[in-house]
Amino acid sequence: SLHLFCSASWSPMSSAAFTEYGLADRGGNVRGDLVTMANAQASPTARFLVFCKNNPLSSTVADLKSREIEWVVSDTALAHITATTRVVFLGFDHNQVPHLTFRVPADVSADAFGPGLDFDWSLWPGEGKRPSDMGIIAQALSLLDWNDRNRHCPMCGAPNRSTEAGHKLVCTDEECSSHQRVQNFSFPRTDPSAIIVVHDGGDRCLLGRGVRFPPRMYSCLAGFMEPGETIEAAACREVYEEAGVQVQYDSIRYQLSQPWPFPNSIMLGMIGQAKPDAQIHVNKEELDDAFWASRADVCAALKAAAEGKPAEHLTFSLPPLGSIATQLLKIWAFGAEGAKL
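Those letters in the sequence shown? Residues 314 to 654, per my numbering, in order.
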């Protein structure tokens, strides 16, 4: 029923993947304390989230439709940590239990960590996953990838060493000019991306189909911010570059955000209005197609997505409910408070 999206308690954040804050305390004030961090990693109560490539160790729940990440106990985890393993501290839970993460080589089997486990995260993020798990994965995967991608100093090329429990990188060459400037530390980065529902001021919104999208799938338009841009300017530029539609800058309103750890993006979601008489001119290098979808059809597609089945009478489908695109379309279709149409 469409009332699924229209209850008084509905929140646009409730179904978005990676938006739930995972651990009670990320421990930012103790990461630089070598003794505290050494004790955290060696603690018999410590819990470790193990990744193989981009997949966390996980298990299938009894209903066979959902998955949970599996925290590995200290003794088991430490047996797989070598001198070259970069272990990243994630934080403490409500009981002050330290939580950490690391990657294992591709040839390590999940069976090494216990029966019934695997490195399978094939479901779309947010589908059949605990929200708190997704928040932790966003943090862990982004930090692991950042450490792996930045093993050498960008100033001189010497090896970096990881400090502050995986949250800072420092050049090992003491003569490197990076030590003479503020940028002597390399910090984790997050790349902002603008995503926007563009409407015509009435009951239509712009949907586009990426060249690599699955069959029938359409979404709102998005793209990375460029240097010197506001998020509004980035949204206007991306929509014009991809679909030839000009957006009224002053109409754009920020709605919500979503971390996207593939590898380290943050999606900044907005809704804005196209300029009068806007015409679509598809850039075929960016989009396969674009069209104005009616509010009624978007509502039907949202209902179908919620029920896990296609809307047979429609020529398009929407991204899964865990995507920020679908959350934005919910807000546009039903209003920020989830009021009935």
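The beta carbon of each residue, even a glycine, is placed where N, CA and C say it ideally should be.
What does a CB cutoff of less than 8 Å around N577 pick up in its chain, not counting 5 residues either side in sequence? The sequence position of residue 577 within the sequence shown is 264, counting from 1. Closer than 8 Å at the Cβ level, and outside the excluded window around N577, lie S455, D458, W459, P501, R502, T503 and D504.
What does E381 pair with, by DSSP beta-bridge criteria? Here the question's residue 381 lines up with position 68 in the sequence shown. Beta bridge pairing from DSSP links E381 with S372.
Please check the pair S607 and D516, which I expect to be a contact at CB under 8 Å, by giving their CB distance rounded to whole angstroms. As a working note, residue 607 is residue 294 in the sequence shown. As a working note, residue 516 is residue 203 in the sequence shown. Confirmed, about 6 Å.
Could you tell me if R344 is buried or exposed, where buried requires 16 or more neighbouring beta carbons within 10 angstroms of its beta carbon? Taking the first residue of the sequence shown as position 1, residue 344 is located at position 31. With 16 or more other Cβ atoms within 10 Å, it is buried.
Say whether chain B places a C-beta atom closer than 8 Å to the C-beta of A613. Chain labels in this structure do not include chain B; a single protein chain is all it has.
Per-residue burial, D590 [other beta carbons within 10 Å of its own, 16 or more giving buried]: In the sequence shown, residue 590 corresponds to position 277, counting from 1. Label assigned to D590: exposed.
Paired residues, beta bridge with W605 - DSSP: For the purposes of this step, residue 605 is taken as the residue at position 292 of the sequence shown. Beta-bridge pairing links W605 to L519.
Can you tell me whether DSSP reads L534 as helix, strand or coil? Indexing the sequence shown from 1 puts residue 534 at position 221. Strand.
For the alpha helix (DSSP H) that D388 lies in, which residues bound it at each end? As a first step, residue 388 must be located in the sequence shown, where it is residue number 75. For D388, the uninterrupted alpha helix (DSSP H) run begins and ends at S387 to L391, by DSSP.
Beta carbon of L534, beta carbon of I509: below 8 Å? Here residue 534 refers to the residue found at position 221 of the sequence shown. Here residue 509 refers to the residue found at position 196 of the sequence shown. Their beta carbons are under 8 Å apart, which means L534 touches I509 by this criterion.
Short of 7 Å in beta carbon distance, which residues of its chain neighbour Q354, apart from the five on each side in sequence? Order them along the chain. Residue numbering aside, residue 354 sits at position 41 when the sequence shown is read from its first letter. Here the set comprises V400 and L413.
Beta-ladder partner(s) of Y567, from DSSP: As a first step, residue 567 is located in the sequence shown; it is residue number 254 there, counting from the start. Beta-bridge pairing links Y567 to M583.
Quick one: measure Cβ to Cβ for A613 and L627, integer angstroms, because I've assumed they're closer than 8 Å. Against the sequence shown, residue 613 aligns to sequence position 300. Against the sequence shown, residue 627 aligns to sequence position 314. The beta carbons of A613 and L627 sit about 6 Å from each other, so the pair counts as a contact at 8 Å.
Hey, A556 and I593 are a contact pair by Cβ (cut 8 Å); roughly how many whole angstroms apart? Position 243 of the sequence shown holds residue 556. Position 280 of the sequence shown holds residue 593. Indeed, because the Cβ distance is near 5 Å, the residues count as touching under 8 Å.
Can you grab the Cα-Cα spacing for the pair I450 / P369, in whole Å? Here residue 450 refers to the residue found at position 137 when the sequence shown is read from its first residue. Here residue 369 refers to the residue found at position 56 when the sequence shown is read from its first residue. Cα to Cα, the separation comes out at about 8 Å.
Classify F575 as buried or exposed, calling it buried when 16 or more other Cβ atoms lie within 10 Å of its own Cβ. Here residue 575 is taken as the residue at index 262 of the sequence shown, counted from 1. Exposed, by the Cβ-count rule.
Please classify C469: is it buried, with 16 or more other beta-carbons within 10 angstroms of its beta-carbon, or exposed? Here residue 469 refers to the residue found at position 156 when the sequence shown is read from its first residue. It counts as exposed.
Taking only three categories from DSSP, how would you classify L436? On the sequence shown, position 123 is the one that residue 436 refers to. Residue placement at L436 cannot be trusted, given a pLDDT of 46 that sits under 50; what the coordinates show is reported in the next sentence. In this structure, L436 counts as coil in the three-state DSSP scheme.
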